[in-house]
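Okay, structure first, notes after.
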Amino acid sequence: MLMSQLRGAGGGAQNRVLETIYYRTPHSFYNTLEVKSISDTVLNLSFSKMKCWRRCRQEFHYKYVDKLERKLPAVPLVRGNIIHECINAWMNRRDWREVLAAYVSQYEKLFAEERDLYGDLPTDIEQIMENYTRKYQNDPFEYPAVELPFSVHLFGNVNFTGRIDALARDRDKGLWVMETKTHKKLPDDDVRLLNVQAVFYAWAVPHIEGYEEEQVKGILWNYIRTKPPAIPEVLKNGTLSKRKNIDTDYHTYLKAVRENGEDPNKYADILQKLEEQTDRFFRRIYFPKPSPTLVFNIMRDVEITANEILAYLGSDEEENWTGPFRYRNLNPFQCKNCSYRPLCEAELFDMDVEFVKRTMFQPRVRPDENAGPPRLEIIHQKPKALENFRHVPKWRRKG
Ligand code: SF4
């Protein structure tokens, strides 16, 4: 069936057609459209790779072509990764404290300056995990898969690879794609509504071996705040602060009252308020399965991005000016959080690039954090379609 026929179908019928195509038969759909990649390069496209390409092509080049990463990863990344690993252990009914202990021994080997940078990670994470496991001690879900790597053929030379945080089965046997996210501040609905990764993953599940017969019920967002609950201050008169804007939870406050040697009844008002705020630090939000129309449009965009990346990876930048170019997307807000900023600035401001590279960067240990085995690999080959085309723009010509 052609795209135009699909667009022509009306209302519910159209959705049913789209649903069949997008949730069941991706390969036949792409074959029907005769989508072909424009070079021989094989691309294992992950969500993070696609996002990086769209954000800044220079960043993409540092990360996926030069294969560089920062020697000292950003604090939020380290914190988030350790929490993820602890949660995975807990979902697999293993002891999360053992996972944390391995990191604590690494942390203890750090220099004092590095520890200052990371803060008291072990204590913070232990507190977060204790609170998390207490909150979900009667968890209504079972987890048939945790950290599920997958690779689904999209079209031509393009596979889509990823790693689903968890598949969660509810008491009615419904299957949810669970995405665990760590944030300092919990995000609002806009972030979930326009989340391409979730659409990808919900689409991919029925194409993963062992889940072909499954219908995904939706996306389960599992949010964790990385800021531990505040400990209430002791006032001059020896009692604890009851300030309205205190960013804490019931158990932390109650513990502080007891440690201060006081009667919890004196704090019944604030304790009651905190007890009612059950989702201040952890929140689970249920999103229905993405509609076929949404999947249809997103997959179309993915196809375009994949072909752009293929054209870029398959081209010889110095000689071929036919494909997508590498350029910087300089933007103060975005560049502020870019791991490659020191290198990018060194190149822009004529500094010692090699020195920056040597002191601050190292070869990437994992080619792609989202890709499951087999690990993401870009295979460079000469693009057939472009090999005879040589065009040098005027401004680059010598003389
Ligand atoms: S600093 Fe900005 S322009 Fe440079 S690579 Fe990073 S995002 Fe791109």
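Per the working numbering, the very first residue in the sequence shown carries number 5; after that it's consecutive.
For glycine and all other residues, C-beta sits at the position ideal for the given N, C-alpha and C.
Since the structure is predicted, the reported quantities are computational estimates derived from the model, not experimental observations.
DSSP-derived helix/strand/coil call for residue i
| i | result |
| --- | --- |
| Pro144 | coil |
| Tyr107 | helix |
| Met182 | strand |
| Glu263 | helix |
| Val357 | helix |
| Gln366 | strand |
| Lys221 | strand |
| Leu190 | coil |
| Arg229 | strand |
| Arg345 | helix |
| Arg304 | helix |
Closest by C-alpha distance to residue i, when choosing among the options
| i | options | result |
| --- | --- | --- |
| Arg330 | Thr297, Val162, Ala93, Arg61 | Arg61 |
| Ala234 | Ala106, Glu280, Val209, Arg284 | Arg284 |
| Leu197 | Asn163, Leu334, Lys293 | Lys293 |
| Gly242 | Leu275, Asn226, Asn249, Asp267 | Asp267 |
| Trp57 | Asp356, Asp305, Pro346, Thr363 | Asp305 |
| Asp194 | Phe154, Ile289, Asp176, Val108 | Ile289 |
| Asn311 | Lys75, Asn161, Arg98 | Asn161 |
| Tyr205 | Ile228, Val220, Ser109, Thr256 | Val220 |
| Val156 | Tyr111, Glu213, Gln201, Tyr66 | Glu213 |
| Leu125 | Ile223, Tyr140, Val108, Tyr136 | Val108 |
| Ala202 | Glu280, Trp225, Glu218, Lys71 | Trp225 |
| Phe64 | Thr127, Ala93, Ile129, Cys342 | Cys342 |
| Thr127 | Ala350, Lys231, Asn264 | Lys231 |
Assigned exposure category for residue i - 16 Cβ within 10 Å defines buried
| i | result |
| --- | --- |
| Pro144 | exposed |
| Thr186 | buried |
| Glu146 | exposed |
| Met355 | exposed |
| Lys67 | buried |
| Asp406 | Residue 406 lies beyond the residue range present for the chain, which begins at 5 and ends at 403; the question has no answer from this structure. |
| Arg362 | exposed |
Residue i - partner residues in DSSP beta bridges
| i | result |
| --- | --- |
| Ile168 | Leu152 |
| Asn48 | Asn163 |
| Pro292 | Gly222 |
| Glu73 | Gln366 |
| Val209 | Val209 pairs with nothing; no bridge assigned. |
| Val238 | Leu244 |
| Phe286 | Ile228 |
Contact shell at 6 Å, judged by CB to any heavy atom of ligand 1, ordered along the chain: Cys60, Gln62, Glu63, Arg332, Asn333, Leu334, Gln338, Cys339, Cys342, Tyr344, Arg345, Cys348
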